[in-house]
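**Student:** Handing you a structure now.
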Amino acid sequence: MNPTTSTLSSTDSFPLGVLRLNGRFHAVAGQAIPEGATILRLQGSTRPDATRYSIQVGWQEHLETFVPLEDESALDRWQVRFMNHSCDPNTRIADLQVIALRDIAAHEELTFDYNTTEWEMSESFACECGHCDGQRIAGFANLTAEEQRARLHRIPQYLRSRMK
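The sequence shown maps to residues 9 to 172 in this note's numbering.
Here it is, written out as structure tokens:
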């Protein structure tokens, strides 16, 4: 099944798409993406508190990504909203950019580890990524010191400064 692709904006180099499968949305690569590539730049309004759909980008700075699903044009403009969590992600978020951690195949789902952007999740959840035993995803603050160190190469400075 090939998802429909669209480009987010002129600052983004790779076409992305949103695939709906089994009632869930997934952001997918529209073409192969090489390791280290900037996939897209995050834009939008920020707020001081976390929401279910925001992405933390600094202390008391959360980029709001909520869009009503009834607005089909949102699928073209806000693919980052549909990037799901994975304990073995293929992207990371740093300096308002989504960056490929490894080569990503065309039509592969784009994922990131929510524990690498959020200090405290506004709503924790049991992981369903298939790479772990269903651990609780609750934010970087709730990881053990060992788990924090294992993510060191994927975390922004605002989280590094608070490591255990």
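For every residue, glycine included, the Cβ atom is placed at its ideal position computed from N, Cα and C.
All figures in this text were calculated on a predicted structure; none of them were measured in a lab.
1) Starting from the N-terminal side, write out each stretch of the beta strand (DSSP E) that is 3 residues or longer and does not extend beyond the region 55 to 125.
2) Given 7 Å as the limit, tell me if Val26 has its C-beta closer than that to any heavy atom belonging to the ligand GDP.
3) How would you write the range of the alpha helix (DSSP H) that Ala153 sits in, first residue to last?
4) Can you tell me whether Leu24 is helix, strand or coil according to DSSP?
5) Looking only at its chain, what residues have a beta carbon closer than 8 Å to the beta carbon of Gln68, apart from the 5 residues adjacent to it on each side?
6) How is the beta strand (DSSP E) around Leu50 delimited, first residue to last?
7) Compare the beta carbon distance of Ile107 and Thr125 with 8 Å and say whether it is the shorter of the two.
8) Can you tell me whether Ser94 is buried or exposed? The criterion is at least 16 other CB atoms within 10 Å of its CB, across all chains shown.
9) Identify whether Ala35 lies in helix, strand or coil by the three-state DSSP scheme.
10) Thinking C-alpha only, which one of Thr99, Thr54, Phe33 is nearest Asp121?
11) Note down, in chain order, each residue of its chain lying with its Cβ closer than 6 Å to the Cβ of Tyr166, except the 5 sequence neighbours on either side.
12) Within the same chain, show all residues whose beta-carbon is closer than 6 Å to that of Ile112, passing over the 5 residues directly before and after it, in chain order.
13) With a threshold of 16 other CB atoms inside 10 Å of the CB of Asn123, please say whether the residue is buried or exposed.
14) Between the C-alpha atoms of Cys135 and Thr119, what's the straight-line distance to the nearest angstrom?
15) Can you name the start and end residues of the alpha helix (DSSP H) that Gln143 belongs to?
**Tutor:** According to the data block:
1) List check, beta strand (DSSP E) in window: 63 to 66, 69 to 71, 99 to 102, 105 to 108.
2) You won't find the ligand GDP in this model; it holds no ligand whatsoever.
3) For Ala153, the uninterrupted alpha helix (DSSP H) run begins and ends at 153 to 158, by DSSP.
4) In this structure, Leu24 counts as strand in the three-state DSSP scheme.
5) For Gln68, the CB contacts under 8 Å within the same chain, skipping 5 residues up- and downstream, are Pro56, Asp57 in chain order.
6) No beta strand (DSSP E) holds Leu50; DSSP gives it neither H nor E.
7) Not a contact, by the Cβ cut-off of 8 Å.
8) Taking every protein chain shown into account, the CB of Ser94 has 16 or more other CB atoms within 10 angstroms, so this residue is buried.
9) Looking at Ala35 - three-state DSSP - the assignment turns out to be strand.
10) Scanning Thr99, Thr54, Phe33 for the CA closest to the CA of Asp121 turns up Thr99.
11) Within the same chain, and ignoring the five residues on either side of Tyr166 in sequence, the residues whose Cβ sits closer than 6 Å to its Cβ are Gly66, Trp67.
12) Cβ neighbours of Ile112 beyond the five flanking positions: Ala37, Ile41, Asn98.
13) It counts as buried.
14) Put simply, the backbone Cα of Cys135 is about 13 Å away from that of Thr119.
15) Careful: Gln143 lies outside any alpha helix (DSSP H) and carries neither H nor E.
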